[in-house]
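In what follows, a single structure is set out as structure tokens and then discussed.
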Ligand code: SF4
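In the working numbering, the protein residues as written are 22 to 413.
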């Protein structure tokens, strides 16, 4: 069995950004208690897994500490977290260990400590290198602070990633070009670009309903997405997943585990893990998280064994985001000839330049990536209609 990945959620931020729907809170006083309960959860889950022999490997080759704002964690807590995981698992010598950082909450003095603890990848939430855009997004940092954080991190880490957001109201491609050019000038090996989403329940969504902001048109957003892809591919980045671009050798190994449906353990409020075909989600509420663990219970909102149909659906969706539908793999894993069922759809997708079809693999083009959800739905509908039986 291949090594598994570990995700740790740290749900604290100095201030909530108005577009963000990730689970995080701003009461930083809770951090020490949270770390204690997090360590309890790691112990509890790892002991249970060991007792139930649910994992056939004791190797871990990726750890991702995300949030929230994990760079608010004091390195001594990170040391405890890694040491607790290390008690139960063999963290491989080449493990990718990522920490997410926020330029407004990264104390550059901690970078050498993080590196000494084995963290070897830093993912920085830059979002834009233009101050006006950062103000719109209500980020707490300026463009120059973002640059300073990247330069400070570079002294200790060569595997650096940044997040950028595009599709802000009234944004022009010239503005996007400025942020991308700055990223290139900083020689970053990995860049994630996300479209601004007006998520229900966020203050930005309320602003949208109140007519205070106007989203850019869909065609414009699609156009920007394709221009971003062209821009970065021309400069040596692989567009290897819908939102992710990497120089050779710098794909995010942890996220690849999700896109290939590999086993991942998850710890922390609101985190989602998948082990041996069962998915669990922890409660998205720190008080409830404490209460569950205080009683010695796993802090789960739900835990479910996926049916064969659900696994197949998920594999289709995640494969399209990343390496494409490898029909021979599907036949071997599920005993289903998807190629025979989807041949008409494949023809249409290839003819419209939404996908390529080579070596029995349907792979989306950047144009296809942009409407990946729509394509997935269409393919899944066809599978539903075909009423595939005997899925393994
Ligand atoms: S810093 Fe990140 S996680 Fe925190 S509120 Fe802003 S976008 Fe969300």
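Glycine included, every Cβ here is placed at the ideal spot set by N, Cα and C. These numbers come from a predicted model, not from an experiment.
At least one heavy atom of the ligand SF4 lies less than 7 Å from the C-beta of residue 90. Pairing residue 306 with residue 362, the inter-Cα distance amounts to about 43 Å. In this chain, residue 227 is not harboured by any beta strand (DSSP E); it is covered by the alpha helix (DSSP H) spanning 224-230.
Annotation for residue 162: no alpha helix (DSSP H) segment contains it, and DSSP assigns it neither H nor E. Within the DSSP secondary-structure output, residue 295 pairs in a beta bridge with 285, 300.
Distances from the CB of residue 242 to the heavy atoms of the ligand SF4 are all 7 Å or more. Annotation for residue 220: no beta strand (DSSP E) segment contains it, and DSSP assigns it neither H nor E. According to the DSSP secondary-structure assignment, residue 323 is paired through a beta bridge with 302.
Residue 336 sits close to residue 282, with the two beta carbons spaced by under 8 Å. Residue 35 and residue 374 have their C-alpha atoms roughly 44 Å apart. For residue 254, the uninterrupted alpha helix (DSSP H) run begins and ends at 239-255, by DSSP.
Here the alpha carbons of residue 108 and residue 359 stand approximately 43 Å from one another.
For residue 148, the enclosing beta strand (DSSP E) starts and ends at 142-148.
Annotation for residue 45 indicates a beta carbon within 7 Å of some heavy atom of the ligand SF4. The count of Cβ pairs closer than 8 Å, one atom from the stretch 108-121 and one from the stretch 153-170, stays below three, leaving the stretches out of contact. Cβ neighbours of residue 200 within its own chain (closer than 6 Å, five residues either side excluded): 149, 150, 185.
Inclusion of residue 217 and residue 189 in the CB contact set at 8 Å is warranted, their separation being smaller than that value. Contact check for residue 287 against residue 28 passes: the beta carbons are separated by less than 8 Å.
Across the structure, residue 138 and residue 214 are spaced so that their CA atoms are roughly 29 Å apart.
The DSSP-derived three-state label of residue 209 is coil. A straight-line Cα-Cα distance of about 14 Å links residue 406 and residue 334.
If the five residues before and after residue 388 are omitted, its C-beta is found closer than 6 Å to the C-beta atoms of 374, 375, all from its own chain and listed in chain order. With a threshold of 7 Å, the Cβ atom of residue 146 counts as near the ligand SF4, since some heavy atom of the ligand is closer than that. With a cut-off of 8 Å on Cβ pairs, the stretch 118-133 is in contact with the stretch 83-97, counting three or more such pairs. Sorting 134, 177, 276 by C-alpha distance to the C-alpha of residue 284 places 276 at the top.
In the displayed model, residue 38 falls within coil according to three-state DSSP, outside both helix and strand. With contacts defined by Cβ atoms closer than 8 Å, residue 355 and residue 296 do not form a contacting pair. Residue 168 and residue 212 do not touch by the CB rule: their CB atoms are close to 15 Å apart, not below 8 Å. Excluding sequence positions up to five before and after residue 266, its CB lies within less than 6 Å of the CB of 212, 253, 258, 260, all in the same chain and listed in chain order.
Only residues of its own chain outside the window of five on either side were considered, and among them 163, 164 have a CB closer than 7 Å to the CB of residue 152, listed in chain order.
A distance criterion of 7 Å places the beta-carbon of residue 306 beyond contact range of the ligand SF4, judged by its closest non-hydrogen atom. Two segments are said to touch when three or more pairs of C-beta atoms, one from each, lie closer than 8 Å; by this definition the stretch 38-53 touches the stretch 215-234. The alpha-carbon separation between residue 237 and residue 191 amounts to approximately 7 Å. Taking 7 Å as the cut-off, the C-beta of residue 48 does not count as close to any heavy atom of the ligand SF4. Using a 10 angstroms sphere on the CB of residue 83, the tally of other CB atoms reaches 16 or more, which defines it as buried.
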